[in-house]
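A.B. asks: At position 141 of the sequence shown (counting the first as 1) the number is 140 in numbering that gives the first Met the number 0, and the numbers step up by one without a gap.
Take this structure first; my questions come after.
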Amino acid sequence: MNYRNIKDLNNVILQRLSIIPRDFDLIVGVPRSGMLPANLLALYLNKPYTDIHSFLNGHIYKSGARSQFFDSGEHKKVLVVDDSIASGSAMIEVKESLKHLEDKFDIKYCAIYVIPGKEKMVDYYFENVPLPRYFQWNILNHTTLEKACFDIDGVLCADPLPEQNDDGEKYIDFILNAPPLFIPGSKIGTIVTSRLEKYRKETETWLAANNIKYNDLVMLDLPNMEARQRANNHGDHKAKAYMAKPYVLFIESELNQAIEINRLSKKPVLCTANFEMIFESESFMYNLKSGKHLPFLRKYGLKIRDKIRKLK
């Protein structure tokens, strides 16, 4: 798995900023993932920026102003920025939407991350990152979340305050009314929590109220909080659920637990405390499936899978 967080994005832009000529008049971001790198580039290059739809309508963003009209005569050279290129279909669509402006503007295209073989789709790129890959800014809306496990407290919702964690009425009230944190945009494989089994009904009520879709909910089957504290097996409990199915990612809020889950499962764990990917321990089988070892086998397997899907 190739993972990049916002810190990585910022660092690679700063490290390779010199590849971008300084004569661009305007930076244009591709909604919505392209807006973050476009904004960073505009700030570092001290250039005005906007999004594609605003650009088509003649609007740009300037310091101290939400939006201003611009004179096309003052902004001839334009850099269009997206975060990444995989298949290239999104970039093709962007180029098509701006094709009618090619006589009016000198438009160049940029992507921060491209997969091998797609470099020529843009004029500038910052890093070559092969598949499979995840980015911090879209991982919680990724279409493969059905192959992932999620913790609840500190991930889907805020952690309870010490005074709420009484294993009684206050805790039940917390579960039913916990403020949402990171709500995924697609269905989750398994939610794995150290909450006790006796709170399943309240937990399911909260998940439904927040429109969180999932296949399974795994909880700790212990009588009370004291028993849970004595067992102190949060990492083991979560790692077992992670290893029970061919999942590719676990999203955990607590760093020490994330490290333990990775150590036991030999599979990656994303820690939302710092949005770092914990991947110190690796299994041969996982690396084989992900393409790190013998990548041609993964490509061959994906081709067979696609052919089978077409037959269905």
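C-beta: ideal position from N, C-alpha, C; glycine also.
Going by C-alpha distance, which of Asn-1, Thr-143, Tyr-170, Asp-166 is nearest Val-128?
C.D. replies: Within the sequence shown, numbered from 1, the residue matching residue 128 stands at position 129. Comparing Cα-Cα distances from Val-128 to each of Asn-1, Thr-143, Tyr-170, Asp-166, the minimum goes to Asn-1.
A.B. asks: According to DSSP, Asp-50 sits in a beta bridge with which residue or residues?
C.D. replies: For the purposes of this step, residue 50 is identified with residue 51 of the sequence shown, where counting begins at 1. In the DSSP output, where bridge partners are listed per residue, Asp-50 has Gly-28.
A.B. asks: Mapping the DSSP letters down to three states, classify Val-247 as helix, strand or coil.
C.D. replies: In the sequence shown, residue 247 corresponds to position 248, counting from 1. DSSP places Val-247 in coil when its eight states are reduced to three.
A.B. asks: How long is the line joining the alpha carbons of Gly-116 and Phe-125, rounded to whole angstroms?
C.D. replies: Numbered from 1 along the sequence shown, position 117 holds the residue referred to as residue 116. Numbered from 1 along the sequence shown, position 126 holds the residue referred to as residue 125. C-alpha separation (whole angstroms): 14 Å.
A.B. asks: If we ignore side chains and look at the alpha-carbon of each, how far apart do Phe-181 and Val-154 end up?
C.D. replies: Counted from its first residue, the sequence shown places residue 181 at position 182. Counted from its first residue, the sequence shown places residue 154 at position 155. Going from the Cα of Phe-181 to the Cα of Val-154 covers about 6 Å.
A.B. asks: Out of Leu-55, Phe-54, Phe-134, point me to the one whose CA is closest to Ile-84's CA.
C.D. replies: What you label residue 84 is simply residue 85 of the sequence shown in a count that begins at 1. Residue Phe-134 is the option with its Cα nearest to Ile-84.
A.B. asks: From Tyr-285 to Leu-263, what distance separates their C-alpha atoms?
C.D. replies: Here residue 285 refers to the residue found at position 286 when the sequence shown is read from its first residue. Here residue 263 refers to the residue found at position 264 when the sequence shown is read from its first residue. With a pLDDT of 44 at Tyr-285, under the threshold of 50, the modelled position of this residue cannot be trusted; read the value that follows with caution. Between Tyr-285 and Leu-263, the C-alpha separation is close to 13 Å.
A.B. asks: Between Pro-183 and Asn-140, is the Cβ-Cβ spacing less than 8 Å?
C.D. replies: In the sequence shown, counting from the first residue as 1, residue 183 sits at position 184. In the sequence shown, counting from the first residue as 1, residue 140 sits at position 141. Yes, Cβ-Cβ distance for Pro-183 and Asn-140 is below 8 Å.
A.B. asks: Apply the 10 Å Cβ neighbour rule to Arg-229 and answer buried if 16 or more other Cβ atoms are within range, or exposed otherwise.
C.D. replies: For this step, residue 229 is matched to residue 230 along the sequence shown. Classification for Arg-229: exposed.
A.B. asks: Kindly indicate which three-state DSSP category Gly-188 falls into: helix, strand or coil?
C.D. replies: Here the question's residue 188 lines up with position 189 in the sequence shown. The answer is strand: DSSP assigns Gly-188 an E or B state.
A.B. asks: Just the C-alpha distance for Asp-147 and Glu-118, rounded to the nearest angstrom, thanks.
C.D. replies: Within the sequence shown, residue 147 is the residue found at index 148, counting from 1. Within the sequence shown, residue 118 is the residue found at index 119, counting from 1. Here residue 147 turns out to be Ala, not Asp, going by the sequence shown. Rounded to the nearest angstrom, the two C-alpha atoms are 30 Å apart.
A.B. asks: Quick one: what does DSSP say Phe-104 is sitting in, helix, strand or coil?
C.D. replies: Looking up residue 104 in the sequence shown gives position 105. Correct three-state label for Phe-104: coil.
A.B. asks: For Phe-173, does the three-state DSSP call read helix, strand or coil?
C.D. replies: Your numbering for residue 173 matches position 174 in the sequence shown. In this structure, Phe-173 counts as helix in the three-state DSSP scheme.
A.B. asks: Please confirm whether Thr-189 and Asp-215 have their CB atoms less than 8 Å apart.
C.D. replies: Reading the sequence shown from its first residue, position 190 is the one you call residue 189. Reading the sequence shown from its first residue, position 216 is the one you call residue 215. A contact, by the Cβ cut-off of 8 Å.
A.B. asks: So Lys-76 is in the beta strand (DSSP E); what residue range does that whole segment cover?
C.D. replies: For the purposes of this step, residue 76 is taken as the residue at position 77 of the sequence shown. Segment 76-84, the beta strand (DSSP E) holding Lys-76.
A.B. asks: Would you mind giving the Cβ-Cβ distance between Pro-36 and Ile-12, rounded to the nearest angstrom? I have them listed as a contact below 8 Å.
C.D. replies: Within the sequence shown, residue 36 is the residue found at index 37, counting from 1. Within the sequence shown, residue 12 is the residue found at index 13, counting from 1. 7 Å between Cβ atoms; contact.
A.B. asks: With a Cβ-Cβ cutoff of 8 Å, do Leu-160 and Trp-205 count as a contact?
C.D. replies: Within the sequence shown, numbered from 1, the residue matching residue 160 stands at position 161. Within the sequence shown, numbered from 1, the residue matching residue 205 stands at position 206. No, they are not a contact pair.
A.B. asks: What does the Cβ neighbour count give for Lys-169, buried or exposed, with the cut at 16 atoms within 10 Å?
C.D. replies: Locating residue 169 in the sequence shown gives position 170, where the first residue counts as 1. So Lys-169 ends up on the exposed side.
A.B. asks: Can you tell me the Cα-Cα spacing of Cys-109 and Tyr-60, whole angstroms?
C.D. replies: In the sequence shown, counting from the first residue as 1, residue 109 sits at position 110. In the sequence shown, counting from the first residue as 1, residue 60 sits at position 61. The alpha-carbon atoms of Cys-109 and Tyr-60 are separated by roughly 19 Å.
A.B. asks: Is DSSP giving Val-11 helix, strand or coil here?
C.D. replies: Residue mapping note: residue 11 aligns to position 12 of the sequence shown, counting from 1. Helix.
A.B. asks: For Ala-110, which three-state DSSP category applies?
C.D. replies: For the purposes of this step, residue 110 is taken as the residue at position 111 of the sequence shown. In this structure, Ala-110 counts as strand in the three-state DSSP scheme.
A.B. asks: Do Leu-40 and Ile-51 have their CB atoms nearer than 8 Å?
C.D. replies: Here residue 40 corresponds to residue number 41 of the sequence shown, with the count starting at 1. Here residue 51 corresponds to residue number 52 of the sequence shown, with the count starting at 1. No, the pair does not count as a contact, with Cβ atoms beyond the cut-off.
A.B. asks: Alpha carbon to alpha carbon, what distance is there between Gly-28 and Glu-73?
C.D. replies: The residue given as residue 73 occupies position 74 in the sequence shown. The residue given as residue 28 occupies position 29 in the sequence shown. Whole-angstrom Cα-Cα distance: 19 Å.
A.B. asks: Quick one, which of Asn-10, Val-121, Ile-106 has its alpha-carbon nearest Val-113's?
C.D. replies: Position 114 of the sequence shown, counted from the first residue, corresponds to residue 113. With distances taken between Cα atoms, Val-113 lies closest to Val-121.
A.B. asks: Could you round the C-beta distance between Lys-239 and Tyr-213 to whole angstroms and report it? I think they count as a contact, below 8 Å.
C.D. replies: The residue given as residue 239 occupies position 240 in the sequence shown. The residue given as residue 213 occupies position 214 in the sequence shown. With 8 Å as the limit, Lys-239 and Tyr-213 do not qualify as a contact, their Cβ atoms being about 18 Å apart.
A.B. asks: Which residue's Cα is closest to the Cα of Ile-250: Arg-199, Ala-243, Ile-260?
C.D. replies: Here the question's residue 250 lines up with position 251 in the sequence shown. Ranking Arg-199, Ala-243, Ile-260 by Cα distance to Ile-250 puts Ile-260 first.
A.B. asks: Check Val-128 in the structure and name its three-state DSSP category.
C.D. replies: Your numbering for residue 128 matches position 129 in the sequence shown. Under the three-state reduction of DSSP output, Val-128 falls in the coil class, being neither helix nor strand.
A.B. asks: Which class does Asp-22 belong to by DSSP, given the choice of helix, strand or coil?
C.D. replies: Position 23 of the sequence shown, counted from the start, is the residue given in the question as residue 22. Three-state DSSP puts Asp-22 in coil, outside helix and strand.
A.B. asks: Assuming the contact rule is C-beta atoms closer than 8 Å, Leu-97 and Phe-23 should be a hit. Round their C-beta distance to whole Å, please.
C.D. replies: Within the sequence shown, numbered from 1, the residue matching residue 97 stands at position 98. Within the sequence shown, numbered from 1, the residue matching residue 23 stands at position 24. Actually they are not in contact, since the Cβ atoms of Leu-97 and Phe-23 sit about 15 Å apart, beyond 8 Å.
A.B. asks: What's the C-alpha gap between Thr-142 and His-236?
C.D. replies: Mapped onto the sequence shown, residue 142 falls at position 143. Mapped onto the sequence shown, residue 236 falls at position 237. Thr-142 and His-236: Cα-Cα distance of roughly 26 Å.
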